[in-house]
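Chains as they are written, first to last, in my numbering: chain A, 379 to 527; chain B, 379 to 527. Every residue, glycine too, gets a C-beta built ideally from N, C-alpha and C. Everything numeric in this text was worked out from a predicted model, so none of it was measured.
Protein chains: 2
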Amino acid sequence: MTNYDRTVSESSLAEMLRSRGLRLTAQRQLVLQAVLDLGHATPEQVHTAVREVAAGVNITTIYRTLELLERLGLVTHTHLSHGSPTYHAAGEHQHVHLVCRNCGGIDEIDPELIRPFADQLLAQRGFRVDIGHVSLFGVCGSCENGDQE
Amino acid sequence: MTNYDRTVSESSLAEMLRSRGLRLTAQRQLVLQAVLDLGHATPEQVHTAVREVAAGVNITTIYRTLELLERLGLVTHTHLSHGSPTYHAAGEHQHVHLVCRNCGGIDEIDPELIRPFADQLLAQRGFRVDIGHVSLFGVCGSCENGDQE
DNA sequence: CTTCGTGCAAAGTGTTTGCAAGATT
DNA sequence: AATCTTGCAAACACTTTGCACGAAG
Chain A
379 MTNYDRTVSE SSLAEMLRSR GLRLTAQRQL VLQAVLDLGH ATPEQVHTAV
429 REVAAGVNIT TIYRTLELLE RLGLVTHTHL SHGSPTYHAA GEHQHVHLVC
479 RNCGGIDEID PELIRPFADQ LLAQRGFRVD IGHVSLFGVC GSCENGDQE
Chain B
379 MTNYDRTVSE SSLAEMLRSR GLRLTAQRQL VLQAVLDLGH ATPEQVHTAV
429 REVAAGVNIT TIYRTLELLE RLGLVTHTHL SHGSPTYHAA GEHQHVHLVC
479 RNCGGIDEID PELIRPFADQ LLAQRGFRVD IGHVSLFGVC GSCENGDQE
């Protein structure tokens, strides 16, 4: 999320691609950077962001690249409410998403908060929760107090 | 989930429709019953189930009816992984979904298990989790132990 | 008989695929 | 030069909309 992280991920990209005989292209760098910059973004939002820098990039490339970046372990996606999935940088800063059904806002919380519950699930049901993929729906604080937008 | 519940919901349907000047139709009864029977189902699965009884029902009607039943508070939907949402009966037996990323299986747990965590979120972040809408992704017990399918 | 609901067809989203032209190594 | 990537267009899957006919109250 900081410049430092971005540099780390950008260089990982070059290495990960090379080590698999894949190629480093401007599009791939731009898509990764867009995901890092946006924090949470749908393929379409990534597309828009990338286009601001390189107008000709096709949405197809966005989809293919997001899929690739996910295989490389650089990004992950979650399914927030309806419609398109949203992508975000993977690894370091895992987080649980809090999605407000009213205003559509997305908040994040430290995954450690859900750890006790996750551990309980593992112990009781043998189910290992993927904490980086959790999205909880509900109503955020602002909307809860008549700040209805 | 039992016959008793079904009866309750079926009669609720008639009342809720009447009280709003809407009409009770065979399609609406069939869709509701399918959701109750199936437990978790995508619009397409509901369609298939309904067709077994009434062949001519159109998928459009399934969509419209599911939306209606949701407005009436009789069913809810969740977004499990990618693709179509899945619907299930609302109210009484709320539950949290455990979705296995490996085998695709859906398990349910008592929402009380997540209550402490939900309460914590409300206290700390003012976010009120909609427990009936929670889906957690991960790996289920069977898949966790080499029962890889 | 009035108003609501359904089926059908068509239009909309969002996503994937096939293929030739273009870029990277 | 070899092969991976991209853009484009078309195909897809899922969902929504418009409208006339049919059904419920």
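Kindly indicate which three-state DSSP category residue 420 (chain B) falls into: helix, strand or coil?
For the purposes of this step, residue 420 (chain B) is taken as the residue at position 42 of the second sequence. Assignment of residue 420 (chain B) by DSSP, reduced to helix, strand and coil, places it in the coil class.
Neighbour flag for residue 459 (chain B) against chain A, beta carbons, 8 Å
Here residue 459 (chain B) is taken as the residue at index 81 of the second sequence, counted from 1. Yes, because at least one Cβ of chain A sits closer than 8 Å to the Cβ of residue 459 (chain B).
Rounded Cβ spacing between residue 477 (chain A) and residue 515 (chain A) (contact assumed at less than 8 Å):
The residue you call residue 477 (chain A) lines up with position 99 of the first sequence. The residue you call residue 515 (chain A) lines up with position 137 of the first sequence. That pair is a contact at about 5 Å.
Beta carbon proximity, residue 423 (chain A) to chain B, threshold 8 Å
As a working note, residue 423 (chain A) is residue 45 in the first sequence. So no, residue 423 (chain A) is outside the interface.
From what residue to what residue does the beta strand (DSSP E) around residue 478 (chain B) run?
Residue numbering aside, residue 478 (chain B) sits at position 100 when the second sequence is read from its first letter. Unbroken beta strand (DSSP E) run through residue 478 (chain B): 474-478.
So what does residue 467 (chain A) bridge to, in DSSP terms?
Your numbering for residue 467 (chain A) matches position 89 in the first sequence. Answer by DSSP bridge pairing, in chain order: A:453.
Where do the ends of the beta strand (DSSP E) carrying residue 515 (chain B) lie?
One-based indexing of the second sequence puts residue 515 (chain B) at position 137. Following the DSSP letters along the chain, one finds residue 515 (chain B) inside the beta strand (DSSP E) bounded by residues 513-517.
Short of 6 Å in beta carbon distance, which residues of its chain neighbour residue 480 (chain A), apart from the five on each side in sequence? Order them along the chain.
Taking the first residue of the first sequence as position 1, residue 480 (chain A) is located at position 102. Within the same chain, residue 480 (chain A) has close Cβ partners 517, 521.
How should residue 403 (chain A) be labelled, buried or exposed, when 16 other C-beta atoms within 10 angstroms of its C-beta is the threshold for buried?
Walking along the first sequence from the start, residue 403 (chain A) turns up at place 25. The residue in question, residue 403 (chain A), is exposed, as its Cβ has fewer than 16 Cβ neighbours within 10 Å.
Check this for me: beta carbons of residue 409 (chain B) and residue 447 (chain B), under 8 Å apart or not?
As a working mapping, residue 409 (chain B) is identified with position 31 in the second sequence. As a working mapping, residue 447 (chain B) is identified with position 69 in the second sequence. Yes, the pair counts as a contact, with Cβ atoms nearer than the cut-off.
Have a look at the DSSP bridge pairing and note the partners of residue 485 (chain A).
The sequence position of residue 485 (chain A) within the first sequence is 107, counting from 1. Partner(s): A:476.
Is the closest heavy atom of the ligand GDP to the C-beta of residue 446 (chain B) under 7 Å?
Looking for the ligand GDP in the displayed structure turns up nothing, as the structure carries no ligands at all.
Provide the residue span of the alpha helix (DSSP H) that contains residue 500 (chain A), from first to last.
Numbered from 1 along the first sequence, position 122 holds the residue referred to as residue 500 (chain A). Element bounds for residue 500 (chain A): 493-503.
Using the beta-carbon of each residue, which ones in chain A are nearer than 9 Å to residue 518 (chain B)?
In the second sequence, counting from the first residue as 1, residue 518 (chain B) sits at position 140. Near residue 518 (chain B) (Cβ distances below 9 Å), the residues of chain A are 503, 504, 505, 506.
Proximal residues to residue 507 (chain B) (C-beta, below 7 Å), its chain only, five neighbours per side dropped
The residue labelled residue 507 (chain B) in the question sits at position 129 within the second sequence. Result list for residue 507 (chain B): 496, 499, in chain order.
If distances are taken between C-alpha atoms only, which option among A:461, A:511, A:438 comes closest to residue 482 (chain A)?
Counting from one through the first sequence, the residue named residue 482 (chain A) turns up at place 104. When A:461, A:511, A:438 are compared, the shortest CA-CA separation from residue 482 (chain A) is found for A:461.
Have a look at the DSSP bridge pairing and note the partners of residue 507 (chain A).
The sequence position of residue 507 (chain A) within the first sequence is 129, counting from 1. DSSP lists B:516 as partners of residue 507 (chain A).
Near-chain B residues of the segment 474-486 of chain A - C-beta to any C-beta below 9 Å
Per Cβ criterion, the list reads 476, 478, 479, 485.
Does residue 491 (chain B) have its Cβ less than 8 Å from a Cβ in chain A?
As a first step, residue 491 (chain B) must be located in the second sequence, where it is residue number 113. Chain A contact via Cβ: present.
Shortest alpha-carbon distance to residue 440 (chain B) belongs to which of B:501, B:464, B:511, B:490?
The sequence position of residue 440 (chain B) within the second sequence is 62, counting from 1. The option with the nearest alpha carbon to residue 440 (chain B) is B:464.
Pull up the distance between the alpha-carbon of residue 381 (chain A) and that of residue 459 (chain A), whole angstroms please.
As a first step, residue 381 (chain A) is located in the first sequence; it is residue number 3 there, counting from the start. As a first step, residue 459 (chain A) is located in the first sequence; it is residue number 81 there, counting from the start. Residue placement at residue 381 (chain A) is poorly supported in this model, since its pLDDT is 49, which falls under 50; the coordinates are not used for a value here.
What residues in the segment 396-423 of chain A have a beta carbon less than 7 Å from any beta carbon of chain B?
Along the segment 396-423 of chain A, there is no position whose C-beta sits under 7 Å from a C-beta of chain B.
Spatial distance of residue 512 (chain B) from residue 412 (chain A) (CA atoms)
The residue given as residue 512 (chain B) occupies position 134 in the second sequence. The residue given as residue 412 (chain A) occupies position 34 in the first sequence. Spanning the two alpha carbons is a distance of roughly 29 Å.
Per-residue DSSP class, three states only, for residue 409 (chain B)
Taking the first residue of the second sequence as position 1, residue 409 (chain B) is located at position 31. Residue 409 (chain B) falls in the helix class under three-state DSSP.
Mark residue 526 (chain B) as exposed unless 16 or more other C-beta atoms lie within 10 angstroms of its C-beta, in which case mark it buried.
Residue mapping note: residue 526 (chain B) aligns to position 148 of the second sequence, counting from 1. The predicted position of residue 526 (chain B) is uncertain, since its pLDDT is 47 and thus under 50; no value can be drawn from it.
Determine, for residue 511 (chain B), whether the minimum Cβ-Cβ distance to residues of chain A falls below 8 Å.
Along the second sequence, one-based indexing puts residue 511 (chain B) at 133. True, the Cβ-Cβ gap to chain A drops below 8 Å.
Taking Cβ-Cβ distances shorter than 7 Å, what residues in chain B pair up with residue 522 (chain A)?
Position 144 of the first sequence, counted from the first residue, corresponds to residue 522 (chain A). In chain order, 504, 506 make up the part of chain B whose C-beta sits under 7 Å from the C-beta of residue 522 (chain A).
Of the residues A:437, A:415, A:396, which one's Cα is nearest the Cα of residue 466 (chain A)?
In the first sequence, counting from the first residue as 1, residue 466 (chain A) sits at position 88. The residue from A:437, A:415, A:396 with its alpha-carbon nearest to that of residue 466 (chain A) is A:415.
Of the residues B:486, B:503, B:469, the one placed nearest residue 505 (chain A), counting alpha carbons only
For the purposes of this step, residue 505 (chain A) is taken as residue 127 along the first sequence, with counting starting at 1. Distance from the Cα of residue 505 (chain A) is smallest, within the candidate group B:486, B:503, B:469, for B:486.
Look at the alpha carbon of residue 397 (chain A) and the alpha carbon of residue 391 (chain A), and state the distance between them as a whole number of angstroms.
Numbered from 1 along the first sequence, position 19 holds the residue referred to as residue 397 (chain A). Numbered from 1 along the first sequence, position 13 holds the residue referred to as residue 391 (chain A). Looking at the backbone, the Cα of residue 397 (chain A) and that of residue 391 (chain A) are separated by about 10 Å.
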